[in-house]
Each structure stands twice: as structure tokens, then as C-alpha cells.
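There are 2 protein chains.
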Amino acid sequence: MRDPLPAFPGYSLRRAANATAGELASRLSDIGLKQVDASILILVGENRDVTASALGRQLDIQRANMVPLLKRLEDEGWIFREPLDGKSQGLALTESGEAKTREARDIIEAFEAELLERIPPEHRDHLLPALNALWR
Amino acid sequence: MRDPLPAFPGYSLRRAANATAGELASRLSDIGLKQVDASILILVGENRDVTASALGRQLDIQRANMVPLLKRLEDEGWIFREPLDGKSQGLALTESGEAKTREARDIIEAFEAELLERIPPEHRDHLLPALNALWR
DNA sequence: TATGCATTGCTATAGACAACAACAATCGCT
DNA sequence: AGCGATTGTTGTTGTCTATAGCAATGCATA
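Chains A and B, in that order, are what the protein sequence lines are. Per the UniProt record's numbering, the very first residue in the first sequence carries number 1; after that it's consecutive. Per the UniProt record's numbering, the very first residue in the second sequence carries number 1; after that it's consecutive.
Right, here's the structure in full:
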């Protein structure tokens, strides 16, 4: 079939993102995580007492939609909340959450390394800066 | 906030794809199209009498989910179906569909050009080959 | 030519996700 | 003390995708 679409960077971007996201999702599901879960765990691990709102801003997830996500991570015993004042609550990893986060990091880092290996060496180092120019 | 995530190509890939897809979606909505619609119109335009199944395979959309998509394009008067045999039906653009497709192409091509311009020149030409190495 | 398997188009359903509006409580600034 | 902004939350909606199933047809081959 004639298909001019892959010549469009925007289209290839979407397809590549879908394909790789699918792969990563499959690997993370082995340890019971979705990609969002892993992102949240990593951010909470690096930023003790971050608030749900701040997390949402960083990840471009609306406040309202953070609720079920955090509830699940809390129910699993990976994060807990501690009141910062009468209104805000800080998030932090439990011990089991820290272990889970390390697992997730291992999976992700292995995956990222594989991704880069698929790219011909002459293009490899340009991907990240090019991508970051598109959204940051 | 400390955020190690943008250092992961896979994460940046997803974020860049979301950001750019959102922008393109907004522009395409000006002419009443979603991105899938535009993809389908372009493919049908390049491949007269392509079947719904073949389209789905090319775009990674399941047969069942093509139905409402194509129904809408047909209801809008942009595509029509002609029986190829007793079972398969070929898709083709109407005249108004061809006009709509040209509009979509103009928007997409302008958008893609802008995307590339955002990327520092030394990285620009590496994006497409790097992306295509990830999913094709 | 007849049989069996694959394919096509479609219906119906369920789950995941994101957007949106609204609300009470609280914070922080003036 | 008052007021606008922020936080966490509920509830709802629409969109998208996966899945299973079905009747009809095509295709290959025995």
C-alpha cells in the first residue's frame, strides 16, 4: 500500500511513541505497574512530600484525575500521605514503595538502553535533544 | 521539582508525541477532522479501493473500531464504498473528500514544517530516521 | 467440485482515560 | 478581617480501545 504518512515526523512520532509505550507497558505490567504509576513513584521518590497537585502539574495530569491514581498506589502500600498543613498533604514512598520503585527503574533503564540500541549510531545521540525541543 | 524523567528517551518520546499531537489535533479540528480522520483520508486518497481491513492493518486500528470511523467519513460525504466482490468493499474519496484531504494535507505539512523548525539544526535531520528505527 | 479455513464487515459490550464542572476547606496576601 | 487562589475530592461525560462473537463470502486444496 502506498503510505506517505511515515514521511511526516509528527506521524512517526506518534507511531513510535505508541509502539514503544506498548512495549514498556507490557514489561511494567509484570510488576503490577502502569507507566503513570512508575512516573509517579519515581517523582515521589525524588521529591519527598510533594503534593498531588504539584505532581499533576509536572506530569500534565489534572488534579481530579490524580485521585484514583494515588488511591491505588496508596492501597497497594507503596505511598503514604502526611499532612503538611491543614490543606495540603505530602506524598512519600513506603519501604515497599521504594523497593517497587527500584524495580521499575531497573525495567525502565534496561528498556531505554534497548531503545537506543535500535537506533543507528549516527542518529542515536540526536534523539533526546530533538524530542526535548518539541515539548519543553 | 527534581524530575529525572525527561532524561529517559521513552518518556520524552511520549511527552513530545502528546504535546505535538494535541497541537495538530487543535488545528485539524478547525476543519472538522481528527488525526485519524486525516490519516484515513490521505491513505484512501493514495490507494483507491483499499478495504477497511487493509486500512486498519496499516494504521494499527482493529477492524471493529474502523466501523464508526468510516461511518462518520461516509456520513460527511467524504468517502464512499464500492463493492469489490461479494464480501469486500473498496473505499474512495468523493470530490468533497478530495478537497477535504487537500485541506488536511496543507495543515499537516505546515505543522510538520513548524515542528522541524523548533529543532536545533544539528539535530533536525536525525529525528525522522531515529523515530522510524523505533517502530518500523 | 466440495470441504475447511481464513477473511471481511459488522454488532455489542466493557474497561481505561482524560476533560469538565462543582464544592468545601484552607491558605496567603493585603 | 476579607478575598482570591489553591487543594483535594466527587461525579459525570465523552472518547478510544480491546474483546468476543456472528453471518457471509472468498480461497485453496484434496
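Using N, Cα and C, we set each Cβ at its ideal position, and we do this for glycine too.
Cutting at 7 Å between CB atoms, please list the residues of its own chain near B/ALA92, excluding the five before and the five after it.
Position 92 of the second sequence, counted from the start, is the residue given in the question as residue 92 of chain B. So the list reads VAL44, ARG48, ASP49, ILE79, PHE80 and GLU82, once near-sequence residues are dropped.
Beta carbons nearer than 8 Å to chain B: which residues of the stretch 3-21 of chain A have them? Correct list: ASP3, PRO4, LEU5, PRO6, ALA7, PHE8, PRO9, GLY10, TYR11, SER12, LEU13, ARG14, ARG15, ALA16, ALA17, ASN18, ALA19, THR20 and ALA21.
- If we ignore side chains and look at the alpha-carbon of each, how far apart do A/ALA17 and A/ALA25 end up? As a first step, residue 17 of chain A must be located in the first sequence, where it is residue number 17. As a first step, residue 25 of chain A must be located in the first sequence, where it is residue number 25. Those two C-alpha atoms are separated by around 12 Å.
Spatially closest choice to B/GLU95 from B/GLU103, B/GLN89 and B/MET66, by CA coordinates:
In the second sequence, the residue the question calls residue 95 of chain B occupies position 95. That would be B/GLU103, whose Cα lies nearest to the Cα of B/GLU95.
Rounded separation between A/PRO6 and A/ARG118 - CA only: If you number the first sequence from 1, residue 6 of chain A lands on position 6. If you number the first sequence from 1, residue 118 of chain A lands on position 118. Approximately 18 Å between the Cα atoms of the pair.
Exercise for the section: Anything in chain A within Cβ reach of B/GLN89, meaning under 8 Å, just list it in chain order. Expected result: Here the question's residue 89 of chain B lines up with position 89 in the second sequence. The contacting residues do not exist; B/GLN89 stays about 16 Å from chain A at best.
Point to revise | Residue environment, B/MET66, which counts as buried when at least 16 other CB atoms sit within 10 Å | key: Position 66 of the second sequence, counting from 1, holds the residue named residue 66 of chain B. Counting Cβ neighbours within 10 Å, B/MET66 comes out buried, since at least 16 surround it.
Practice item. Under 7 Å between beta-carbons, which chain A residues line up against B/GLN58? List them in chain order, please. Key: Within the second sequence, residue 58 of chain B is the residue found at index 58, counting from 1. Taking a Cβ-Cβ threshold of 7 Å, the residues of chain A close to B/GLN58 are MET1 and ASP3, in chain order.
*At what residue ranges does the UniProt domain "HTH marR-type" (1-136) of chain A contain a whole run of the alpha helix (DSSP H), taking only runs of 4 or more?*
Listed in chain order, the complete alpha helix (DSSP H) runs (minimum 4 residues) inside the UniProt domain "HTH marR-type" (1-136) of chain A are 9-29, 35-46, 52-59, 63-75, 95-118, 121-124 and 127-135.
Rounded to a whole number of angstroms, what is the C-alpha to C-alpha distance between A/PRO68 and A/ILE108? The residue labelled residue 68 of chain A in the question sits at position 68 within the first sequence. The residue labelled residue 108 of chain A in the question sits at position 108 within the first sequence. For A/PRO68 and A/ILE108, the distance between alpha carbons rounds to 23 Å.
**Asked** With 8 Å set as the bound, which would you pick, yes or no: does the beta-carbon of A/PRO129 sit closer than that to a beta-carbon of chain B?
**Response** Translated into the one-based positions of the first sequence, residue 129 of chain A becomes position 129. Chain B contact via Cβ: present.
How many Å lie between A/ASN132 and B/SER12 at the Cα? Here residue 132 of chain A refers to the residue found at position 132 when the first sequence is read from its first residue. Here residue 12 of chain B refers to the residue found at position 12 when the second sequence is read from its first residue. Approximately 6 Å, taken between the alpha carbons.
Exercise. Verify whether the separation of the beta carbon atoms of A/LEU84 and A/ILE40 is less than 8 Å.
Key: Here residue 84 of chain A corresponds to residue number 84 of the first sequence, with the count starting at 1. Here residue 40 of chain A corresponds to residue number 40 of the first sequence, with the count starting at 1. No, Cβ-Cβ distance for A/LEU84 and A/ILE40 is not below 8 Å.
C-beta atoms of B/THR20 and A/LEU115 nearer than 8 Å
Sequence index remark: in the second sequence, residue 20 of chain B carries index 20 (1-based). Sequence index remark: in the first sequence, residue 115 of chain A carries index 115 (1-based). For B/THR20 and A/LEU115, no; Cβs fall outside 8 Å.
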